[in-house]
Amino acid sequence: MEEKISTTTLEEWLENVKPFAYDGQLADYIPALAKQDPEDLAVSIYYLDGDCVHAGDVESCFTLQSISKVIALALALIDNGEDYVFERVGMEPTGDPFHSIYRLEQHRPSKPLNPMINAGALAVSNMIHGQTPDEKVGRLLSFIHEMTDDHSIRFNSEVASSEFETAFLNRSLLYYLKQHKVVTGSVEETLDAYTKQCSVELNVRHLSKIGALFANEGRDLNSGRQIIPKHFARICKTFMVTCGMYDASGSFAIKVGIPAKSGVSGGVMGSLNGFGGIAVYGPALDSKGNSVVGLKLLEMLSNRYDLSIF
Ligand code: DON
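Offset between the sequence shown (1-based) and the working numbering: plus 826.
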């Protein structure tokens, strides 16, 4: 890409995509997420040289939700190694909604198809080292602090409790996985760790910086320190391409072509080798649980600046 994108351009583009928010709906199956402001809108681009441009409600914080699945996977790989993780969770996209249960029965021995659907992500959370849920989440938070260089990032306990109290489907997935020895230990404790992981709260600037670190082969942009081994960063980005948008991953790959992961709070994190990280926040979601304005904005950026990896 020849030129960097200016703040003014980003501001104009946000204005253009704003009306699309009315085509979407807030996630309300987690009651606390229904309190988000559907008109919040923000974008941030973090270049590999450390420059960051952003526009919109940059200070608005939102919870990671499924975007945390990428970060948790990186930590579980560091903790356990590739063989251990992929003996228990597969590598194939499903084409199903993120909370779908029915493919768990189709594989013998039972194994979630990938770490981006809830079944796979619950198994990955269970693998993160730590004696207690708080120890696991504490380690994940430290990992995020290292990646963002912001040690004030925490999880939102209201969102975490709200999900914990209503996560009957995720409990079902966990009991199934426990029966088939994909997860070990207490179901309630794994769910506790997972819901806290999903509730880690940050803004688009943080998220674009994490995306940039993945794009920088897992190295910190300033110090060059290897925070995620290059091979594990590559595995995470590949899952972002094949499964990052759930059952919309194929159309997203064609229309946008940027490795990206969405969450039901309305965040999307993109990671583009040779370019950096892109984060968008807009809490109104389409029927598949992806941010409507996030997808629109990424599509416009990709087309205008020829960002597709394909
Ligand atoms: O487990 C859940 O349902 C949520 N904590 C996360 C789901 C999610 O973000 C799916 N994303 N589009």
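Backbone N, C-alpha and C define an ideal beta-carbon position, used for all residues, glycine too.
Item to check | DSSP state of Lys1138 mapped onto helix, strand, coil | outcome: Coverage of the chain is limited to positions 827 through 1136, which leaves residue 1138 absent and any answer about it impossible.
Checklist entry - Going by C-alpha distance, which of Leu1123, Asn952 and Tyr1131 is nearest Val843? => result In the sequence shown, residue 843 corresponds to position 17, counting from 1. Of the listed residues, the one whose Cα sits closest to Val843 is Leu1123.
Next on the checklist: On the CB-based measure, 16 or more other CB atoms within 10 Å of its CB, does Asp1018 come out buried or exposed?
Outcome noted: Translated into the one-based positions of the sequence shown, residue 1018 becomes position 192. Asp1018 is buried by the Cβ-count criterion.
Checklist entry - Any heavy atom of the ligand DON closer than 8 Å to the Cβ of Val1090? => result For the purposes of this step, residue 1090 is identified with residue 264 of the sequence shown, where counting begins at 1. True, at least one ligand heavy atom lies under 8 Å from that Cβ.
Checklist entry - Is DSSP giving Thr889 helix, strand or coil here? => result Here residue 889 refers to the residue found at position 63 when the sequence shown is read from its first residue. Correct three-state label for Thr889: strand.
Next on the checklist: Given this structure, state the Cα-to-Cα distance separating Leu899 from Tyr1020, to the nearest angstrom.
Outcome noted: In the sequence shown, counting from the first residue as 1, residue 899 sits at position 73. In the sequence shown, counting from the first residue as 1, residue 1020 sits at position 194. Each residue's alpha carbon lies about 12 Å from the other.
Checklist entry - What does Met1095 pair with, by DSSP beta-bridge criteria? => result If you number the sequence shown from 1, residue 1095 lands on position 269. Paired residues: Lys1087 and Ala1105.
Next on the checklist: Restricting to Cα atoms, I'd like to know which of Leu967, Phe990, Ala986 and Val985 is closest to Ile979.
Outcome noted: Residue 979 sits at position 153 when you count from the first residue of the sequence shown. Relative to Ile979, the option among Leu967, Phe990, Ala986 and Val985 whose CA is nearest is Leu967.
Item to check | Identity of the residue in Asp909, Asp854, Gly876 and Asp866 nearest Ile1061 by Cα | outcome: Here residue 1061 refers to the residue found at position 235 when the sequence shown is read from its first residue. Ile1061 has its Cα closest to that of Asp909, out of Asp909, Asp854, Gly876 and Asp866.
Checklist entry - Can Ser1012 be considered in contact with the ligand DON, in the sense that its beta carbon sits closer than 8 Å to one or more heavy atoms? => result Reading the sequence shown from its first residue, position 186 is the one you call residue 1012. No, Cβ of Ser1012 sits at least 8 Å from all heavy atoms of the ligand DON.
Checklist entry - Thinking C-alpha only, which one of Leu948, Gln1023, Asp976 and Pro1085 is nearest Leu995? => result Position 169 of the sequence shown, counting from 1, holds the residue named residue 995. Taking only the C-alpha atoms, the option nearest Leu995 is Leu948.
Checklist entry - Just how far apart, CA to CA, sit Arg929 and Pro938? => result The residue labelled residue 929 in the question sits at position 103 within the sequence shown. The residue labelled residue 938 in the question sits at position 112 within the sequence shown. Rounded to the nearest angstrom, the two C-alpha atoms are 8 Å apart.
Checklist entry - What do you reckon, is the C-beta of Ser892 under 8 Å from a heavy atom of the ligand DON? => result On the sequence shown, position 66 is the one that residue 892 refers to. It does: the Cβ of Ser892 is within 8 Å (strictly closer) of some heavy atom of the ligand DON.
Checklist entry - Smallest Cα separation from Lys1063: which of Gln1052, Val1009 and Ala1041? => result If you number the sequence shown from 1, residue 1063 lands on position 237. Closest option to Lys1063, Cα to Cα, is Ala1041.
Next on the checklist: Taking 8 Å as the cut-off, does the region 954 to 967 touch the region 830 to 843 (at least 3 CB pairs, one atom from each stretch)?
Outcome noted: Touching, no.
Checklist entry - In terms of alpha-carbon separation, which member of Ser1075, Pro845, Ser1034 and Asp975 lies closest to Met942? => result Numbered from its first residue, the sequence shown carries residue 942 at position 116. Ranking Ser1075, Pro845, Ser1034 and Asp975 by Cα distance to Met942 puts Ser1075 first.
Next on the checklist: If the criterion is Cβ atoms closer than 9 Å, does the pair Lys1035 and Cys878 meet it?
Outcome noted: Sequence index remark: in the sequence shown, residue 1035 carries index 209 (1-based). Sequence index remark: in the sequence shown, residue 878 carries index 52 (1-based). Yes. Within cutoff.
Next on the checklist: Closest to Leu1121 by C-alpha separation, out of Met1071, Leu1098, Leu1133 and Asn1099, would be which residue?
Outcome noted: Here residue 1121 refers to the residue found at position 295 of the sequence shown. Ranking Met1071, Leu1098, Leu1133 and Asn1099 by Cα distance to Leu1121 puts Met1071 first.
Checklist entry - For Thr1068, is the beta carbon positioned less than 8 Å from some heavy atom of the ligand DON? => result Stepping through the sequence shown from its first residue, residue 1068 is reached at position 242. For the ligand DON, not one heavy atom lies less than 8 Å from the Cβ of Thr1068.
Item to check | Distance cut-off 8 Å: Ile927 Cβ against heavy atoms of the ligand DON | outcome: The residue you call residue 927 lines up with position 101 of the sequence shown. Checking the Cβ of Ile927 against the ligand DON gives no.
Checklist entry - Is Leu967 helix, strand or coil by DSSP? => result Your numbering for residue 967 matches position 141 in the sequence shown. Under the three-state reduction of DSSP, Leu967 is assigned to helix.
Next on the checklist: Suppose contacts are defined by Cβ-Cβ distances below 9 Å. Is Val915 in contact with Val1008 by that definition?
Outcome noted: Taking the sequence shown and counting its residues from 1, one reaches residue 915 at position 89. Taking the sequence shown and counting its residues from 1, one reaches residue 1008 at position 182. It is a contact, given that the beta carbons lie within the stated cut-off.
Checklist entry - Does the beta-carbon of Asn944 have 16 or more other beta-carbons within 10 angstroms, so that it is buried, or is it exposed? => result The residue you call residue 944 lines up with position 118 of the sequence shown. Buried, since its Cβ has 16 or more Cβ neighbours within 10 Å.
Checklist entry - Name the DSSP beta bridge partners of Gln862, please? => result Position 36 of the sequence shown, counting from 1, holds the residue named residue 862. DSSP lists no partner for Gln862.
Next on the checklist: Am I right that Met1095 and Leu1039 are in contact with their C-beta atoms under 8 Å? What's the rounded C-beta distance?
Outcome noted: Locating residue 1095 in the sequence shown gives position 269, counting from the first residue. Locating residue 1039 in the sequence shown gives position 213, counting from the first residue. Not really, about 11 Å apart at Cβ, beyond 8 Å.
Checklist entry - Are Ala868 and Val1090 close, meaning C-beta to C-beta below 9 Å? => result Taking the first residue of the sequence shown as position 1, residue 868 is located at position 42. Taking the first residue of the sequence shown as position 1, residue 1090 is located at position 264. Their beta carbons are not under 9 Å apart, which means Ala868 does not touch Val1090 by this criterion.
Item to check | 6 Å CB neighbourhood of His925 in its chain, flanking five on each side removed | outcome: Residue mapping note: residue 925 aligns to position 99 of the sequence shown, counting from 1. Hits under 6 Å: Asn944 and Leu995.
Checklist entry - Should Asp849 be labelled buried (16 or more other beta-carbon atoms within 10 Å of its own) or exposed? => result For this step, residue 849 is matched to residue 23 along the sequence shown. The residue in question, Asp849, is exposed, as its Cβ has fewer than 16 Cβ neighbours within 10 Å.
Item to check | CA-to-CA distance, Ile1104 to Ile1053, given in whole angstroms | outcome: Here residue 1053 refers to the residue found at position 227 when the sequence shown is read from its first residue. Here residue 1104 refers to the residue found at position 278 when the sequence shown is read from its first residue. Rounded to whole angstroms, Ile1053 and Ile1104 show a C-alpha spacing of 19 Å.
Checklist entry - For Gly1011, which residues from the same chain have a beta carbon less than 8 Å from its beta carbon, with the 5 sequence-adjacent residues on both sides left out? => result Start at 1 with the first residue of the sequence shown, and residue 1011 comes out as number 185. Excluding sequence neighbours, Gly1011 sits near Asn952.
Checklist entry - Does the Cβ-Cβ distance between Gly1108 and Val1118 come in under 9 Å? => result Along the sequence shown, one-based indexing puts residue 1108 at 282. Along the sequence shown, one-based indexing puts residue 1118 at 292. At the C-beta level, Gly1108 and Val1118 come within 9 Å of one another.
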